[in-house]
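Residue numbers (the numbering used here), protein chains in the order written: chain V, 1 to 327; chain Y, 1001 to 1327; chain Z, 2001 to 2327; chain F, 3001 to 3100; chain G, 4001 to 4100; chain D, 5001 to 5100.
Glycine included, C-beta positions come from ideal geometry on N, C-alpha and C.
These notes concern the structure reproduced below.
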Amino acid sequence: METLELIRLNLLSPMVLAFVLGILATLVRSDLTIPPAMYTALSIYLLLAIGLKGGAALAQTPLTEFWRPALATLLLGSAIPLWSYVVLRRIGKIDIANAAALAAHYGSVSAVTFIATQAFLNGAGVTFEGYTPTLVALLEVPAIIIALLIAHLNLPNEQEPEENSLRRALHEILSGKSILLLLGGVVIGLLSGPAGLELVAPLFVEPFEGALTLFLLELGMVASRRFGDVRKAGFFLLGFGIVMPVLHGVIGVFLGYVTGMSAGGSTILGVLAASASYIAAPAAVRLALPQASPSLYLTASLAITFPFNLIVGIPLYYAVAQRIFGG
Amino acid sequence: METLELIRLNLLSPMVLAFVLGILATLVRSDLTIPPAMYTALSIYLLLAIGLKGGAALAQTPLTEFWRPALATLLLGSAIPLWSYVVLRRIGKIDIANAAALAAHYGSVSAVTFIATQAFLNGAGVTFEGYTPTLVALLEVPAIIIALLIAHLNLPNEQEPEENSLRRALHEILSGKSILLLLGGVVIGLLSGPAGLELVAPLFVEPFEGALTLFLLELGMVASRRFGDVRKAGFFLLGFGIVMPVLHGVIGVFLGYVTGMSAGGSTILGVLAASASYIAAPAAVRLALPQASPSLYLTASLAITFPFNLIVGIPLYYAVAQRIFGG
Amino acid sequence: METLELIRLNLLSPMVLAFVLGILATLVRSDLTIPPAMYTALSIYLLLAIGLKGGAALAQTPLTEFWRPALATLLLGSAIPLWSYVVLRRIGKIDIANAAALAAHYGSVSAVTFIATQAFLNGAGVTFEGYTPTLVALLEVPAIIIALLIAHLNLPNEQEPEENSLRRALHEILSGKSILLLLGGVVIGLLSGPAGLELVAPLFVEPFEGALTLFLLELGMVASRRFGDVRKAGFFLLGFGIVMPVLHGVIGVFLGYVTGMSAGGSTILGVLAASASYIAAPAAVRLALPQASPSLYLTASLAITFPFNLIVGIPLYYAVAQRIFGG
Amino acid sequence: MEIVSLKLVVIVAEAVLEHQLVSDLNRLGARGHTLVRAEGEGQRGMRVGGLEGGNIRLETIVSGEVADKIMTRLASRYFENYAIIAYQSDVGVVRGNKYV
Amino acid sequence: MEIVSLKLVVIVAEAVLEHQLVSDLNRLGARGHTLVRAEGEGQRGMRVGGLEGGNIRLETIVSGEVADKIMTRLASRYFENYAIIAYQSDVGVVRGNKYV
Amino acid sequence: MEIVSLKLVVIVAEAVLEHQLVSDLNRLGARGHTLVRAEGEGQRGMRVGGLEGGNIRLETIVSGEVADKIMTRLASRYFENYAIIAYQSDVGVVRGNKYV
Ligand SMILES: Nc1ncnc2c1ncn2[C@@H]1O[C@H](COP(=O)(O)O)[C@@H](O)[C@H]1O
Ligand SMILES: Nc1ncnc2c1ncn2[C@@H]1O[C@H](COP(=O)(O)O)[C@@H](O)[C@H]1O
Ligand SMILES: Nc1ncnc2c1ncn2[C@@H]1O[C@H](COP(=O)(O)O)[C@@H](O)[C@H]1O
Ligand code: NA
Ligand code: NA
Ligand code: NA
């Protein structure tokens, strides 16, 4: 009941409604298109903004508070790809390359889902730890590396990717723009402190929800173009894309609780665990595992899990946190 | 006298001056160019912003207030293309295709002229009804369809466009991005209400006039590139492009008064009637009436009527409204 | 000591840190790229914003205050290219075309360095004259013309550029977008006054530092790509790119003091003199002196002098101003 | 490497025609196309991006027969009233059967 | 469909040359051109967009004679000092007289 | 104007391959390339810009020998698993030795 009310409130936010508008735009075959440069500008903005805010908050956080959640995050990033791979292979009967590819995506993280969660919590007046953007950066990388290693160990030799494309993929992940902007923002926020943040707040703090609205309009259009592939992907993947996030979300919230985070912070850790990457992971996987099919992993991540988390997941994980922290 | 003062004030707003700067930039053959992606981003922003504000206002409007002005708008959208066509054929001696094309443009509406009017009224401290963006959406479509039908009925068979290009034009109009973003914005604003609007106000409300300033800079450059064609278009079209807007503007204001709108709202209805489309109509007409010449209809709409309305028309129609409502 | 503290504070501003992040992004070969359309949008925004603010301030400045600093600016713009040329030829043993090209760059001005100075002074709570953007426009042109004339007079005939490319370069300079937007902004700000500025302040005033942060991120990447060329350019140019700015900066501050400017305004005049162009001058020089090597003049201006001024120069010239005004 | 000879057809046209041209190509037998946003100048004046939409540059690799059909369709349907040009040339590809 | 054979001349050059190259083309007899923004790498280093402006890719369909004039002009005026390349090839068009 | 005949190789591929393809070209002997952002459609579905990255259109002028090497490399390394096409054609250039 309360959860439903949270879902309703979340659904009626301008951000989520813009996502729905983007879906509609594609369905009615509108000529609306977001120019690629605008998409890129928005994503640079959102990542840097998140980093800046997190960094300025980190400037006021004692390190003792931070290390437990950081460890929990690394644990999640290592465990999720492992068990996801097993589930995909055993239950889903999916081939090695595609199972590893999907494991990489679900072990990594979606920055926009994280951003939407911040907006949701802000809207609900719930506070959370300022170092959470750092957790995003921590969670992004390990799962991708682990999943690529799994593929490397399990694939027959002739199907293995060229050495140098593995190296390139690794470089892509570590120097990728999402990590660079997130961590770069954090460091800038940390060094320039609250005074520095205040200087740039009229661009990087206040219009943030509005920019997210525009970004989700585009994401709605992209997701919608992939809805046709959901049927092709089959029932197993549809289930996987919903059940695993819920599982990971609950585990994440619980780990947040155990490592001393607040209810808001635990919700965020839940969302991070539940979300699937669609920027860093696809780029790396495309290079290192070309035989895996984007119409499986991108469809699962973008057309199933992302909308689910955005609309249902975020309020759900928050409700779980309320329950855990409440009692 | 008062009208002149209003024109002076309007002319000295940053928005109108930016339009003039754009004209100058083209005249001195400056290398200034607005990247297409920036133009598109600004137009997406402006349309969505207008819709959001309108929707949030609509959330507080009783429906009984709305239906009369809506009807008046539809009436305008049906009548203007009819009489415009007759004037163009009879007095202007313009051929069927071009007359129908021009009728479509003058019967439809210019969203930016509407937006500039809002800025003007806000600047003058005049209030207006929140549902006016909905009127823009209502006025955009009918005139285009009616004008295309007129062409369809009057053109000799061999000159008629292919069936499927008519269908395509219709689809273009109804799913076009201006309608989608306007109505989409209205619905989002309506559903998320004033609280939702507040969340995104730092992007969609406050910087609005500034964004309009940048947009008008580009429009000035585009209009200016067409000034050379005004001479080719001839005196009749120059007169048409100024006299008809004034006529439509006065009728619009009057209809606003009659249907119970405020002075501000009536000014807006006047502007809507007076303005000529240069986004939705050209796209549809180009597909459905390819033999009509863009250097007639785009020049009339963009290089004659738009600058006239922007600089003289808006304050003029407001002065008319003051007169009607005053006495 | 105080100067070091100022440098430290400047270095820890989000703007300068973003520049450093841009450098890092290139060094780790990140896939981060700022879309050209975003770069152009930001530069249009920054130039127009500066102009608008300056114009609105100019509306409240008596002309008597303005003419002395304006004259000093023109003097700097004429003298700097002359002595720079001599130094480059005599001491640097650089050929005619390249010496003239460099003289054009150091005599002209970098708008972004100016903008960063404004942000620095605002941050330090130091006021300055509102007409300073007009000085930028005054300083941009003369040095380029003078340097091209020097080349014209000194180059052997067969090496001279075609007549019409000189004309084209001149047109490029005078109608170039930086001058157009700066002066256009000033005129708009002047005509629409403080009330007009207030209308567009949420876009053109408040988010200004944030936009500058994004712009400097891109500049860092561009500068960093040229660091490799610094070694090729040699020690002389490295020295030239640091010593001359300091010299020009001190002269500029002193001239500001003599012509009755405030400490803040004198700092700005110092920065203007010290900065080297990398937008207007390269475009004009490329057309009029094609045999000059961009990997000399762009590297000096962008990879040596700009970072030096941004990080060390601005606080240094302000310290000089404090010293002069203090005693 | 066996190189097969096919036709490359390039169309430059006003952007409003994008969807119509693409569906024409598909209908006439093209198995794919590549699109780039362009500016240009020709008989119908200067065309830049922004409000007026600019041009698109469409290219498609097809058999000689399909190339003919495309040229015929363009000539009969678009050449008279639209800003558009088209040209064809010979190109060599590796996987010949991918395109026909 | 009667196909006429003409020359396609493609120029890739640093963006600062845009207006000069276009006016050269017009002066030498080209009846139109198509322009696309590009990046690239060659002898004069990497060229991307943004502050440094990147490259433009200009193409024009002309008679063999005009193509020769264009190549000659480019070689004498630009090749030495600018980042620029040019190439020509044979293409077939429908409305031959549109281009000459 | 002495015109030398060379090969133009055009590659259209998903954007994620940009750096790999460019380094392949360089390694195989290309002396430069030109890159344009593109959209497209083929066997592997529609490809537009934004989140999914769209396509790139790479062109390089090389000797016939290098062209062969490039085609061979593309076929063995990329054709099976990536959205990519490539074609070659004959072009004439002025400074023949600039490209080989
Ligand atoms: N001779 C030409 N060479 C290359 N492109 C051309 C040529 N003529 C026209 N174009 C392109 O085709 C578009 C339409 O041409 P037009 O119908 O002549 O206006 C122009 O905007 C140019 O982009
Ligand atoms: N071999 C080549 N193939 C294709 N494009 C090239 C080639 N060489 C140079 N270019 C293009 O021409 C521009 C100028 O070349 P360059 O003068 O060699 O620096 C480069 O930035 C590339 O875009
Ligand atoms: N027949 C074709 N003509 C032109 N471009 C094509 C063709 N087929 C594919 N392409 C381009 O090559 C990309 C990859 O093709 P594919 O691997 O077939 O999906 C597409 O997105 C198109 O941009
Ligand atoms: Na995850
Ligand atoms: Na109208
Ligand atoms: Na200077």
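Proximity test, Cβ basis, 7 Å: V3100(F) and chain D = As a working mapping, residue 3100(F) is identified with position 100 in the fourth sequence. No, its Cβ sits nowhere closer than 7 Å to a Cβ of chain D.
Are the C-beta of H4019(G) and some C-beta of chain F separated by less than 7 Å?
-> Position 19 of the fifth sequence, counted from the start, is the residue given in the question as residue 4019(G). Look at H4019(G): its C-beta is not under 7 Å from any C-beta on chain F.
Note down, in chain order, all residues in the stretch 5052-5067 of chain D with a beta-carbon under 8 Å from any beta-carbon belonging to chain B.
-> No chain B is part of this structure, whose protein chains are labelled V, Y, Z, F, G and D.
Check whether the Cβ of V3009(F) lies closer than 7 Å to any Cβ atom in chain D.
-> Taking the first residue of the fourth sequence as 1, we reach residue 3009(F) at position 9. For V3009(F), the answer is no, since every Cβ of chain D falls outside 7 Å of its Cβ.
E4041(G) burial status per 10 Å Cβ neighbour count (16 or more: buried) = Locating residue 4041(G) in the fifth sequence gives position 41, where the first residue counts as 1. When all chains shown are included, E4041(G) counts as buried.
To the nearest angstrom, report how far apart P1202(Y) and R1323(Y) are at their CA atoms.
-> Here residue 1202(Y) corresponds to residue number 202 of the second sequence, with the count starting at 1. Here residue 1323(Y) corresponds to residue number 323 of the second sequence, with the count starting at 1. P1202(Y) and R1323(Y): Cα-Cα distance of roughly 36 Å.
Is there contact between the stretch 3085-3099 of chain F and the stretch 4091-4099 of chain G, where contact requires at least three CB pairs shorter than 8 Å?
-> yes
Taking the C-alpha atoms as reference points, what is the distance between L1149(Y) and Y39(V)?
-> For this step, residue 1149(Y) is matched to residue 149 along the second sequence. For this step, residue 39(V) is matched to residue 39 along the first sequence. For L1149(Y) and Y39(V), the distance between alpha carbons rounds to 39 Å.
Exposure of N309(V), with buried meaning 16 or more beta-carbon neighbours within 10 Å = Numbered from 1 along the first sequence, position 309 holds the residue referred to as residue 309(V). Classification for N309(V): buried.
Which term fits E3002(F), buried or exposed, when burial requires 16 or more other beta carbons within 10 angstroms of its beta carbon?
-> Residue numbering aside, residue 3002(F) sits at position 2 when the fourth sequence is read from its first letter. Flag for E3002(F) reads exposed.
C-beta contact flag for E206(V) and A119(V) at 7 Å | By one-based count along the first sequence, residue 206(V) stands at place 206. By one-based count along the first sequence, residue 119(V) stands at place 119. No, they are not a contact pair.
Per DSSP, which one or two residues make a beta bridge with S5089(D)?
-> Taking the sixth sequence and counting its residues from 1, the one referred to as residue 5089(D) is at position 89. Paired residues: L5008(D).
Return yes when the C-beta of S3076(F) is under 6 Å from any heavy atom of ligand 5, and no when it is not.
-> Counting from 1 along the fourth sequence, the entry for residue 3076(F) is found at position 76. No, the Cβ of S3076(F) stays beyond 6 Å of every heavy atom of ligand 5.
Boundaries of the beta strand (DSSP E) in which R4037(G) is found, first to last residue = Residue mapping note: residue 4037(G) aligns to position 37 of the fifth sequence, counting from 1. Unbroken beta strand (DSSP E) run through R4037(G): H4033 to G4042.
Residues that DSSP places opposite A1276(Y) in a beta bridge | Numbered from its first residue, the second sequence carries residue 1276(Y) at position 276. Paired residues: none, contrary to the question.
What are the boundary residues of the alpha helix (DSSP H) that E3059(F) is part of?
-> What you label residue 3059(F) is simply residue 59 of the fourth sequence in a count that begins at 1. Element bounds for E3059(F): not the alpha helix (DSSP H) but the beta strand (DSSP E), N3055 to V3062.
Taking the C-alpha atoms as reference points, what is the distance between S2262(Z) and A2321(Z)?
-> In the third sequence, counting from the first residue as 1, residue 2262(Z) sits at position 262. In the third sequence, counting from the first residue as 1, residue 2321(Z) sits at position 321. Each residue's alpha carbon lies about 9 Å from the other.
Of all the residues that make up the stretch 1271-1284 of chain Y, which are near chain F by a beta-carbon distance shorter than 9 Å?
-> So the close ones are Y1278, I1279, P1282 and A1283.
Answer with buried or exposed for I2173(Z), where buried requires no fewer than 16 other C-beta atoms within 10 angstroms of its C-beta.
-> As a working note, residue 2173(Z) is residue 173 in the third sequence. Classification of I2173(Z): buried, given that the 10 Å Cβ count is 16 or more.
Of all the beta strand (DSSP E) runs that stay within the bounds of the stretch 2186-2274 of chain Z, which reach a length of 3 or more residues?
-> none
Among the residues of its own chain, which have a CB less than 6 Å from the CB of G1264(Y), if the five just before and after it don't count?
-> As a working note, residue 1264(Y) is residue 264 in the second sequence. Closer than 6 Å at the Cβ level, and outside the excluded window around G1264(Y), lie L1121, V1126, T1127 and F1128.
Can you find a heavy atom of ligand 3 that lies under 6 Å from the Cβ of G5042(D)?
-> On the sixth sequence, position 42 is the one that residue 5042(D) refers to. Checking every heavy atom of ligand 3 against the Cβ of G5042(D), one is found closer than 6 Å.
Which residue's Cα is closest to the Cα of A1097(Y): S1266(Y), G1249(Y) and A1151(Y)?
-> Along the second sequence, one-based indexing puts residue 1097(Y) at 97. For the residues S1266(Y), G1249(Y) and A1151(Y), the minimum Cα distance to A1097(Y) belongs to A1151(Y).
Tell me whether T127(V) sits in a helix, a strand or coil according to DSSP, three-state version.
-> Along the first sequence, read from residue 1 onward, the residue named residue 127(V) stands at position 127. Residue state, collapsed to three classes: coil.
Report back the beta-carbon spacing between Q4043(G) and G5032(D) to the nearest angstrom; my notes put them in contact at under 8 Å.
-> Walking along the fifth sequence from the start, residue 4043(G) turns up at place 43. Walking along the sixth sequence from the start, residue 5032(D) turns up at place 32. Sure, about 7 Å apart at Cβ, within 8 Å.
Burial state of G1022(Y) (16 or more Cβ within 10 Å) | Counted from its first residue, the second sequence places residue 1022(Y) at position 22. It is buried - the Cβ of G1022(Y) has at least 16 other Cβ atoms within 10 Å.
Going by DSSP, which residues form a beta bridge with G5045(D)?
-> Taking the first residue of the sixth sequence as 1, we reach residue 5045(D) at position 45. Looking at the DSSP assignment, G5045(D) forms a beta bridge with G5042(D).
Is N2157(Z) buried or exposed, if buried means 16 or more other CB atoms sit within 10 Å of its CB?
-> If you number the third sequence from 1, residue 2157(Z) lands on position 157. When all chains shown are included, N2157(Z) counts as exposed.
Listed in chain order, which residues of the stretch 3028-3052 of chain F have Cβ atoms closer than 9 Å to some Cβ of chain D?
-> Residues of the stretch 3028-3052 of chain F with a C-beta less than 9 Å from any C-beta of chain D: R3031, G3032, H3033, T3034, L3035, V3036 and R3037, listed in chain order.
Cα separation between Y1317(Y) and L1170(Y)?
-> Position 317 of the second sequence, counted from the first residue, corresponds to residue 1317(Y). Position 170 of the second sequence, counted from the first residue, corresponds to residue 1170(Y). Each residue's Cα considered, the two are about 32 Å apart.
8 Å CB neighbourhood of M1001(Y) in its chain, flanking five on each side removed | Within the second sequence, numbered from 1, the residue matching residue 1001(Y) stands at position 1. Here M1001(Y) scores only 45 on pLDDT, less than 50, and its place in the model is too uncertain to base an answer on.
Any non-hydrogen atom of ligand 5 closer than 6 Å to V1243(Y) Cβ | By one-based count along the second sequence, residue 1243(Y) stands at place 243. For ligand 5, not one heavy atom lies less than 6 Å from the Cβ of V1243(Y).
Residue nearest to G1184(Y) in terms of C-alpha spacing, selected from S30(V), T3(V) and L9(V) = The residue labelled residue 1184(Y) in the question sits at position 184 within the second sequence. The residue with the shortest Cα to Cα distance from G1184(Y) is S30(V).
Say whether chain Z places a C-beta atom closer than 7 Å to the C-beta of N4081(G).
-> Translated into the one-based positions of the fifth sequence, residue 4081(G) becomes position 81. Taking 7 Å as the CB threshold, N4081(G) lines the interface with chain Z.
What does A3013(F) pair with, by DSSP beta-bridge criteria?
-> Along the fourth sequence, read from residue 1 onward, the residue named residue 3013(F) stands at position 13. Answer is I3056(F) and I3084(F).
Any chance the CB of A1987(Z) is under 6 Å from a heavy atom of ligand 6?
-> Since the first residue shown for chain Z is 2001 and the last is 2327, residue 1987(Z) is missing from the structure and cannot be characterised.
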